[in-house]
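Q: As given, the protein sequences belong to chains A and B, one line each in that order.
Just so we're aligned, residue 0 is where the first sequence starts under numbering that gives the first Met the number 0, counting upward by one.
Just so we're aligned, residue 0 is where the second sequence starts under numbering that gives the first Met the number 0, counting upward by one.
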Amino acid sequence: MALKGAIVVDTERCKGCGVCVANCPTNTIALAHEVNSRGYNFVHMANPDNCTGCTNCATVCPDAVITVYRVKI
Amino acid sequence: MDINEIIKPENLVYKKTPILKDNILHYCPGCSHGVVHKIIAEVIEEMNIQEKTIGVSPVGCSVFAYNYLDIDWQQAAHGRAPALATAIKRLMPEKYVFTYQGDGDLASIGTAEIMHACNRGENIVVIFINNAIYGMTGGQMAPTTLLGQVTATTPYGRKAELNGYPLKITELIAQLEGTCYVTRQSVQNPASVRKAKKAIRKAFENSQMHKGTSFVEIVGTCNSGWKIPPVQANKWMEENMFPFYPLGDMKDR
Ligand SMILES: Cc1ncc(C[n+]2csc(CCOP(=O)(O)OP(=O)(O)O)c2C)c(N)n1
Ligand code: SF4
Ligand code: SF4
């Protein structure tokens, strides 16, 4: 059995601090080249296949930006 | 597997608690205040005490905490949150009352209030954010600033001869008879966030058991004040703050 995950980022709330990126154990997320309306490089799933839905990114995010989904396959 | 097959309500494992309002937090990117607001909100949701919780916000960057947690609030004069929380809790003992204070607020201008509230054993929760600096006013030295640490008012680093020693106020508070639970936590990685949340939950539970004051210090970062980017600031904190401000419970009874 494996775990597959996915995150949804509220890009307008994201401040691009990168704390979630540093705490992602599967190297799934990165800061995007695009910016939101406040000028921040928001986070996105650069390697979506890697995500296990562990919730680490959402747990450390100071701005409560990330929603996490997970399935067992 | 297609992402859209994963992103479905039945697969949800983490989302922002509704106790946190949708307002965008005014804190700087990566600031520990946001994480601590979030875990307090999650504890309030999990304990189902939204209607029964009253927060007292300080002067400092977290003066606006009342914009973010959907509970009742009062805002206190600088350092006076423990006095205001004492009055609220004594008038409404059935409420869960907590103060949220920075190190400038609690350990400098508010030293008398926090010492005496803790010594009286008021049945309140104190959340103390120690980022070793005055964030709001532009990064001046705080009582908790480390020796050698550069701030706006110690441009060559804090020197004991000139500026005195960093104040371990939490260790002092642990000595007071009135406190029942005194702990120091942090929020820079998932494990520490979970531990800090457990500590905050325990503090809230204690406050209804008439055991005395519960005091939770969170060692945090102030990226703007420290002039260190968020991820590196967390590392700087681990390397420089934790040796002087060791994490863990100082008292639990
Ligand atoms: C009576 C009074 N004195 C001084 C100030 C200026 N002042 C505002 S915030 C602050 C310090 C805040 O530092 P801290 O409590 O560490 O909170 P942070 O901003 O770092 O979260 C000071 C001295 C004030 N507002 N009121
Ligand atoms: S931790 Fe939150 S605010 Fe910071 S980059 Fe990640 S999603 Fe954005
Ligand atoms: S100045 Fe410091 S304490 Fe204030 S919001 Fe910015 S990082 Fe946080």
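For each residue, glycine too, the CB sits at the ideal point set by N, CA and C.
Grab the span of the alpha helix (DSSP H) containing lysine 88 (chain B) for me, first residue to last.
A: Unbroken alpha helix (DSSP H) run through lysine 88 (chain B): 80-90.
Q: Specify the secondary structure class of cysteine 56 (chain A) as computed by DSSP and reduced to three states.
A: Reduced to three states, the DSSP call for cysteine 56 (chain A) is helix.
Q: Measuring CB atoms only, is the region 116-130 of chain B touching the region 84-96 of chain B, in the sense that at least three cross pairs come out at less than 8 Å?
A: The region 116-130 of chain B vs the region 84-96 of chain B: in contact.
Q: Going by beta-carbon coordinates alone, are threonine 150 (chain B) and threonine 144 (chain B) separated by less than 8 Å?
A: Against a cut-off of 8 Å, the Cβ pair of threonine 144 (chain B) and threonine 150 (chain B) comes out as a contact.
Q: Which residue's Cα is closest to the Cα of asparagine 10 (chain B): A:Arg12, A:Cys13, A:Ala5, A:Val42?
A: When each option's Cα is compared against that of asparagine 10 (chain B), the closest is A:Ala5.
Q: Mind listing the chain A neighbours of isoleucine 23 (chain B)? Cutoff is C-beta to C-beta under 7 Å, in chain order.
A: Arg12, listed in chain order.
Q: Indicate, with yes or no, if ligand 3 has a heavy atom lying under 7 Å from the CB of cysteine 30 (chain B).
A: Yes, the Cβ of cysteine 30 (chain B) comes within 7 Å of a heavy atom of ligand 3.
Q: Figure out for me which residue from B:Asn205, B:Ala173, B:Asp1 has the closest Cα to the Cα of threonine 182 (chain B).
A: Among B:Asn205, B:Ala173, B:Asp1, the Cα nearest to that of threonine 182 (chain B) belongs to B:Ala173.
Q: Where does the unbroken beta strand (DSSP E) through histidine 32 (chain A) begin, and where does it stop?
A: Note, histidine 32 (chain A): beta strand (DSSP E), 28-34.
Q: Assuming isoleucine 70 (chain B) and threonine 85 (chain B) form a contact by the criterion Cβ under 8 Å, report the distance between their Cβ atoms to the nearest whole angstrom.
A: The Cβ separation is near 18 Å, so there is no contact.
Q: I'd like the ranges of any alpha helix (DSSP H) spanning at least 4 consecutive residues and lying wholly in the region 95-168 of chain B.
A: If we require 4 residues or more, the alpha helix (DSSP H) runs fully inside the region 95-168 of chain B come out as 110-119, 159-162.
Q: How far does the alpha helix (DSSP H) with lysine 250 (chain B) in it extend, from its first residue to its last?
A: Not the alpha helix (DSSP H): lysine 250 (chain B) falls in the beta strand (DSSP E), residues 247-251.
Q: What whole-angstrom Cβ distance do tyrosine 68 (chain A) and isoleucine 6 (chain B) have, given they're in contact under 8 Å?
A: Confirmed, about 5 Å.
Q: Please check the pair aspartate 104 (chain B) and proline 57 (chain B), which I expect to be a contact at CB under 8 Å, by giving their CB distance rounded to whole angstroms.
A: Indeed, because the Cβ distance is near 4 Å, the residues count as touching under 8 Å.
Q: I need the DSSP call for glutamine 49 (chain B), collapsed to helix, strand or coil.
A: Helix, per DSSP.
Q: Given this structure, state the Cα-to-Cα distance separating threonine 152 (chain B) from tryptophan 235 (chain B), to the nearest angstrom.
A: Cα-Cα distance, rounded: 20 Å.
Q: Please state whether DSSP places alanine 216 (chain B) in a helix, a strand or coil.
A: Note on identity: in this sequence residue 216 (chain B) is glutamate, with alanine being the wrong assignment. Strand at glutamate 216 (chain B).
Q: For the beta strand (DSSP E) containing phenylalanine 41 (chain A), list its first residue and its last residue.
A: First-last of the beta strand (DSSP E) with phenylalanine 41 (chain A): 40-44.
Q: On a Cα-Cα basis, can you pick out the residue from B:Gly54, B:Cys60, B:Thr169, B:Ile38 that is closest to methionine 91 (chain B)?
A: Residue B:Gly54 is the option with its Cα nearest to methionine 91 (chain B).
Q: If I measure Cβ to Cβ from cysteine 13 (chain A) and keep anything under 7 Å in the same chain, skipping five residues before and after, which residues do I get?
A: Taken in chain order, the residues that qualify are Asn35, Tyr39, Phe41, Val42, Asp62, Val64.
Q: Say whether chain B places a C-beta atom closer than 8 Å to the C-beta of isoleucine 28 (chain A).
A: No, isoleucine 28 (chain A) lies away from the interface with chain B (no Cβ there is under 8 Å from its Cβ).
Q: Between the region 20-36 of chain B and the region 59-76 of chain B, are three or more C-beta pairs nearer than 8 Å?
A: Touching, yes, given that three or more Cβ pairs across the two stretches are closer than 8 Å.
Q: Residues around ligand 1, please: the condition is that the C-beta lies closer than 7 Å to some non-hydrogen atom of it.
A: Result (chain order): B:His32, B:Pro57, B:Val58, B:Gly59, B:Cys60, B:Ser61, B:Ala76, B:His77, B:Gln100, B:Gly101, B:Asp102, B:Gly103, B:Asp104, B:Leu105, B:Ile108, B:Ile128, B:Asn130, B:Ile132, B:Tyr133, B:Gly134, B:Met135, B:Thr136, B:Ala141, B:Cys221, B:Gly224.
Q: Mind checking if methionine 114 (chain B) is an interface residue toward chain A, Cβ cutoff 8 Å exclusive?
A: No - not a single Cβ of chain A is within 8 Å of the one on methionine 114 (chain B).
Q: Could you check whether the Cβ of cysteine 23 (chain A) sits closer than 8 Å to any Cβ belonging to chain B?
A: So, not an interface residue.
Q: For serine 206 (chain B), report the span of its alpha helix (DSSP H) as first-last.
A: Where serine 206 (chain B) is concerned, there is no enclosing alpha helix (DSSP H), given that its DSSP letter is neither H nor E.
Q: Would you call the region 175-193 of chain B and the region 202-216 of chain B in contact, with 3 or more CB pairs under 8 Å?
A: Contact between the region 175-193 of chain B and the region 202-216 of chain B is present, because at least three Cβ pairs lie under 8 Å.
Q: Report the rounded CA-to-CA distance for histidine 32 (chain B) versus asparagine 129 (chain B), giving the unit in angstroms.
A: Roughly 10 Å between the two C-alpha positions.
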